[in-house]
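The opening residue of the sequence shown carries number 11 in my numbering; numbering runs sequentially from there.
Reviewing the structure listed below.
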Amino acid sequence: MINFTVGPVQSSDAVRAVGAEQVPYFRTPEFSELMLENERLMLRFAKAPEGSRAVFITGSGTASMEAAVMNLLTPSDKVLAINGGSFGHRFVELLELHGIPHTEIRLAPGKALRKEQLEQYAGQGYTALVVNVHETSTGVLYDIRMIADFCRREGLFLIVDAISSFLADDFDMAALGAGAMITGSQKALACPPGVSIITLSPEGVSRAMKAQRKCMYLDLRDALVNGERGQTPFTPAVGILRQINTRLREIEAAGGASSENESVAAIAADFRGKLAGLPFEIVSESLSNAVTPLHPLTASAYDIFTTLKDEYGIWVCPNGGELRDSVFRVGHIGALSTADNDALIAALRDMLRRGLI
Numbered sequence: 011m012i013n014f015t016v017g018p019v020q021s022s023d024a025v026r027a028v029g030a031e032q033v034p035y036f037r038t039p040e041f042s043e044l045m046l047e048n049e050r051l052m053l054r055f056a057k058a059p060e061g062s063r064a065v066f067i068t069g070s071g072t073a074s075m076e077a078a079v080m081n082l083l084t085p086s087d088k089v090l091a092i093n094g095g096s097f098g099h100r101f102v103e104l105l106e107l108h109g110i111p112h113t114e115i116r117l118a119p120g121k122a123l124r125k126e127q128l129e130q131y132a133g134q135g136y137t138a139l140v141v142n143v144h145e146t147s148t149g150v151l152y153d154i155r156m157i158a159d160f161c162r163r164e165g166l167f168l169i170v171d172a173i174s175s176f177l178a179d180d181f182d183m184a185a186l187g188a189g190a191m192i193t194g195s196q197k198a199l200a201c202p203p204g205v206s207i208i209t210l211s212p213e214g215v216s217r218a219m220k221a222q223r224k225c226m227y228l229d230l231r232d233a234l235v236n237g238e239r240g241q242t243p244f245t246p247a248v249g250i251l252r253q254i255n256t257r258l259r260e261i262e263a264a265g266g267a268s269s270e271n272e273s274v275a276a277i278a279a280d281f282r283g284k285l286a287g288l289p290f291e292i293v294s295e296s297l298s299n300a301v302t303p304l305h306p307l308t309a310s311a312y313d314i315f316t317t318l319k320d321e322y323g324i325w326v327c328p329n330g331g332e333l334r335d336s337v338f339r340v341g342h343i344g345a346l347s348t349a350d351n352d353a354l355i356a357a358l359r360d361m362l363r364r365g366l367i
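Written as C-alpha cells, this is what we have:
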C-alpha cells in the first residue's frame with residue numbers, strides 16, 4: 011500500500027518502531043523531559059515569539075479547534091470566520107455552538123481569499139479572525155500574510171488552523187503576529203492520529219489563563235499549568251507523544267522546519283510535473299505543498315479513488331458531499347518519495363489505457 015492521503019500519512023521507520031514498543035508509564039521525570047522537548051521543538055518550528063507555549067491535546071484537530079474557540083474567544087468578541095470548505099464550515103459551527111458572535115466570509119470551492127473581501131470589514135469593530143490557512147477539502151492555501159496584515163492593522167486576534175499545512179508550507183508565527191496555531195499528529199508530523207497541538211503566543215496564553223472554564227477536558231489553562239512540568243492534566247496518548255518526539259528530532263536533524271518545507275515542496279512539484287497527458291485539471295487557485303486537488307475530466311473522482319485502492323494498492327484522498335465525484339486529492343506529506351509518485355502516475359496511465367479515466 012502507498013498512502014497519498016492527507017492524514018493519516020506514511021510514517022518513517024523510526025517513528026513506526028516507537029509505535030511497536032510497550033507504552034511506558036508517564037508520570038515520570040523521563041516523560042516530563044520528553045514533553046518539554048516536544049514543546050521546545052514545536053515552538054522552534056512554528057517560529058513562535060518569545061514567551062509562547064505549546065499544549066498537546068489528546069484528540070484530533072477538531073478537539074483543538076474547539077479548545078481554541080472555547081478558551082480564546084468569548085461572547086464579547088466579534089469574529090470573522092473564513093469559510094471556503096468543510097473545515098472552514100467547522101469553525102463556523104463551533105462559533106455558533108459556543109455562542110461567539112461572528113460573520114462568515116464564504117468562498118466558492120477552490121477560490122482564494124481576495125484582499126477586497128477582507129477590506130470591506132475594516133473598521134467595523136471585529137476583535138478576532140479564525141481561518142483554516144489550508145482548506146484541505148479543496149486544496150486552497152490562503153494568503154496568510156495578507157490576512158495577518160489585515161489583523162495587525164485592525165487589532166484582531168488571529169487563530170490559524172494549520173493542521174494540514176504546518177511543516178509543508180512556511181509558517182512564521184512571530185512575523186505573522188498569530189495568536190494561536192493548531193496542527194495535528196497525523197499530517198506532516200507523520201505520526202498516528204490522536205494528538206493535536208495548539209501553539210499560543212503570549213497574548214494567546216493570556217487569553218487562555220483568563221478564560222472562564224467551560225470544559226474540564228479541553229481547559230487550556232489546566233493544560234498550560236501542567237505543561238510547565240512537562241505533564242498533561244489527564245492520561246495522554248503516551249505512545250503517540252513519544253512518536254512525535256522521534257519525528258521532531260528527525261526534522262531537527264534534517265535541518266528543521268525550512269528543510270522539511272523544501273522536501274515536501276519538491277515531492278509536490280515532482281508529482282505535478284508528471285501529470286502531463288492525463289485528463290485532470292488542478293482546481294485550486296492557490297496551492298499548498300501539502301496536496302494537489304484534481305478534477306477528472308472524464309470520470310468520477312470517487313470511482314478513481316476506489317479503483318486505485320482496490321486494484322493498485324494506492325490510496326488517494328476522496329471527497330464527500332458535493333465534491334464526491336468531481337475532486338480527489340493527492341497528498342505530498344509523510345514518508346513519500348519521487349518513486350512513489352512514479353507508481354501513482356503509472357497506475358493512472360494504466361487506468362487511462364484501460365478506459366477507466
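No residue lacks a Cβ here, since even glycine has one placed at the ideal position from N, Cα and C.
CA nearest to the CA of residue i, picked from the options
i, options, result
"Ala158", "Ile110, Met80, Leu90 and Ala200", "Leu90"
"Leu297", "Leu333, Ala264 and Arg339", "Arg339"
"Glu47", "Gly237, Met361 and Arg155", "Gly237"
"Gly204", "Ala353, Ser70, Leu318 and Leu354", "Ser70"
"Ser21", "Ala353, His305, Ser347 and Arg364", "Ser347"
"Thr317", "Arg364, Thr209, Met183 and Asn81", "Arg364"
"Pro39", "Ala279, Leu362, Thr242 and Ile261", "Thr242"
"Ala309", "Pro303, Ala218, Ser336 and Leu53", "Ser336"
"Gly266", "Ser294, Asp179, Thr245 and Leu186", "Asp179"
"Ala188", "Gly194, Pro202 and Arg162", "Arg162"
"Ile314", "Leu362, Lys88, Ile292 and Glu332", "Leu362"
"Asp87", "Thr68, Ala138, Gln134 and Ile115", "Ala138"
Secondary structure of residue i, DSSP reduced to three states
i, result
"Ser347", "coil"
"Val28", "helix"
"Asn329", "coil"
"Thr68", "strand"
"Phe315", "helix"
"Glu145", "strand"
"Val340", "strand"
"Leu186", "helix"
"Met226", "coil"
"Asn271", "helix"
"Leu354", "helix"
"Val191", "At residue 191 the sequence reads Met, which differs from the Val that was named. Strand."
"His112", "strand"
"Glu291", "strand"
"Phe55", "helix"
Per-residue burial, residue i [other beta carbons within 10 Å of its own, 16 or more giving buried]
i, result
"Tyr152", "buried"
"Asp320", "exposed"
"Lys220", "exposed"
"Asp360", "exposed"
"Lys57", "buried"
"Leu123", "buried"
"Pro303", "buried"
"Leu107", "exposed"
"Ser195", "buried"
"Met226", "exposed"
C-beta contact flag for residue i and residue j at 8 angstroms
i, j, result
"Ala94", "Glu145", "The sequence shown places Gly at residue 94, not Ala. Closer than 8 angstroms, so yes."
"Phe66", "Ile277", "no"
"His342", "Ala286", "no"
"Ala264", "Val25", "no"
"Val19", "Lys197", "yes"
"Asn142", "Phe167", "no"
"Ser174", "Gly17", "yes"
"Trp325", "Phe14", "yes"
"Ile169", "Leu82", "yes"
"Val150", "Lys125", "no"
"Ala73", "Thr209", "no"
"Tyr136", "Glu164", "yes"
"Ser96", "Ser62", "no"
"Pro306", "Pro289", "yes"
"Leu358", "Ile367", "yes"
"Ala218", "Leu230", "yes"
Residue i versus residue j: straight-line alpha-carbon distance, rounded
i, j, result
"Gly344", "Ser211", "27 angstroms"
"Val274", "Ala132", "36 angstroms"
"Arg239", "Gln32", "24 angstroms"
"Ala247", "Ile12", "26 angstroms"
"Ala77", "Leu51", "22 angstroms"
"Gly214", "Gln253", "27 angstroms"
"Ser42", "Leu234", "14 angstroms"
"Ala118", "Gln127", "13 angstroms"
"Arg257", "Leu44", "12 angstroms"
"Asp352", "Glu272", "19 angstroms"
"Ser269", "Glu49", "19 angstroms"
"Ala172", "Tyr322", "31 angstroms"
"Met371", "Gly283", "Outside the shown range of the chain, which is 11 to 367, sits residue 371, and nothing can be said about it."
"Gly330", "Ser294", "17 angstroms"
"Asp182", "Thr113", "26 angstroms"
"Ala311", "Phe281", "18 angstroms"
"Gln222", "Asp350", "49 angstroms"
"Arg334", "Phe244", "38 angstroms"
"Gly109", "Ala185", "31 angstroms"
"Val140", "Pro85", "15 angstroms"
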